[in-house]
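The listed protein sequences correspond, in order, to chains A and B. Reading the first sequence from the start, the letters are residues 3 to 78 in this note's numbering. Reading the second sequence from the start, the letters are residues 911 to 1051 in this note's numbering. Don't be surprised by glycine CBs; every beta carbon is placed ideally from N, CA and C. Fair warning: this is a prediction, and the values are worked out from it, not measured in the lab. Presented below is the structure to which this report refers.
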Amino acid sequence: MGSAPIDNNIRRLRFEHGEMTQQALAEQVGVTRQTINAIELGKYSPSLEVAFRIAAAFNVPLEQVFQYRKGTAPNE
Amino acid sequence: MSFREKSAWISFVLLLLLTGAFVVSHHFHPHDAQGHDLINPATLFFGILLVFVLLQIVLHVVVAMQSPADARTPKDERERFIELRAARIGFYTLVVGELTSMALFHLHGRAFFLMSSILLAIFIAWLVKLGTEIVLYRRGA
Chain A
3 MGSAPIDNNI
13 RRLRFEHGEM
23 TQQALAEQVG
33 VTRQTINAIE
43 LGKYSPSLEV
53 AFRIAAAFNV
63 PLEQVFQYRK
73 GTAPNE
Chain B
911 MSFREKSAWI
921 SFVLLLLLTG
931 AFVVSHHFHP
941 HDAQGHDLIN
951 PATLFFGILL
961 VFVLLQIVLH
971 VVVAMQSPAD
981 ARTPKDERER
991 FIELRAARIG
1001 FYTLVVGELT
1011 SMALFHLHGR
1021 AFFLMSSILL
1031 AIFIAWLVKL
1041 GTEIVLYRRG
1051 A
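Right under this line is the structure:
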C-alpha cells in the first residue's frame, strides 16, 4: 500500500493516555497489534469504522487522530 | 511476528518442500535395472502429501500454543486485505500456469503429463500467494 496521505497522532495520544500500549489499543479497537503499528507508521490506512473506533478509544473526535494531507494526488 | 505471518511462513516453507518433493518424485523415483518403478510415483507423492498435512497441523499447533490469544483472534481488516491482495496475484499465476499446462499438453499429448503440470501450477500459484502475503506482512501493509 505504501505511505498513506493521512497523518495521525496515535503515538502522542497513546502517550497522553498513560503510555497505553499498542496491544491495549488493539484490544479496544478489535484489531491486531501489528495493524495498530502499521496505522501508526502510516503504512496502512484503516477503514472508517476502525478510524472511529480508535478515536473512541481515546475519547476524542476523529480529526484529532487523523489528518488528511492536502494536495496529495489520488492513489499516491 | 503475528500468528498469521508465522502461519504463512510455515505453509510457504512446507509447500516449497512439497513442490520440490513432487518434482523429484516425478523425475528421480527409484526403479530397478529394467526401468520398472519400485514405488508408484503417485503412491510416493501421496505419502509425501500426507507428511505435509501432518507437519502443517503439528507446526501450527506448536505456534498457536506459544501465543494462544494471538491465534484465537479473528482476522482483522488489514489481514483480510493482505489475504485478498495475495489471492489475486496467486489467481493470475494459476491462470497462466493452467494455460501453459494446456499448451504443453498439446505438444506432449500425455494425460499423466497434463495432470502433473496442472498440479505443479497449483503449487506454484499457492507459493506465489503465500510469498506475497509474507512480503506484505513484512512491509507492514
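query: CB contact below 8 Å: B/Gly-1050 versus chain A; result: yes
query: B/Phe-913 beta carbon less than 8 Å from that of B/Ala-974; result: yes
query: B/Arg-982 versus A/Gln-25 - alpha carbon distance; result: 15 Å
query: Buried/exposed call for A/Asp-9, threshold 16 Cβ in 10 Å; result: exposed
query: Reduced DSSP secondary structure (H/G/I, E/B, other) of A/Tyr-46; result: coil
query: Reduced DSSP secondary structure (H/G/I, E/B, other) of B/Gln-944; result: coil
query: The stretch 923-933 of chain B / the stretch 956-967 of chain B touching (three or more Cβ pairs under 8 Å); result: yes
query: Inter-residue Cα distance where the pair is B/Asp-980 and A/Thr-34; result: 8 Å
query: Inter-residue CB distance, B/Gly-1000 and B/Ala-1031 (contact presumed, cutoff 8 Å); result: Their Cβ separation, rounded to whole angstroms, is 11 Å, which puts B/Gly-1000 and B/Ala-1031 out of contact at 8 Å.
query: Minimum Cβ-Cβ distance from B/Arg-988 to chain A less than 8 Å; result: yes
query: A/Asn-39 - DSSP class collapsed to helix/strand/coil; result: helix
query: Residue of B/Val-1005, B/Glu-1043, B/Arg-988, B/Trp-919 minimising C-alpha distance to A/Gly-44; result: B/Arg-988
query: Buried or exposed (CB count within 10 angstroms, at least 16 for buried), A/Arg-16; result: buried
query: Whole-angstrom C-beta distance between B/Gly-1041 and A/Ala-40, which should lie under 8 Å; result: Not quite, the Cβ-Cβ distance comes to about 19 Å (not below 8 Å), so this is no contact.
query: Helix, strand or coil at A/Met-3 [DSSP, three-state]; result: In this prediction, A/Met-3 scores a pLDDT of 49, lower than 50, which makes its location untrustworthy; no coordinate-derived value is stated.
query: Best match in B/Gly-957, B/Ser-921, B/Glu-1043, B/Arg-1048 for proximity to B/Leu-994 [C-alpha to C-alpha]; result: B/Glu-1043
query: Contact belief for B/Lys-1039 with B/Ala-1013 at Cβ below 8 Å, rounded distance in angstroms; result: With 8 Å as the limit, B/Lys-1039 and B/Ala-1013 do not qualify as a contact, their Cβ atoms being about 23 Å apart.
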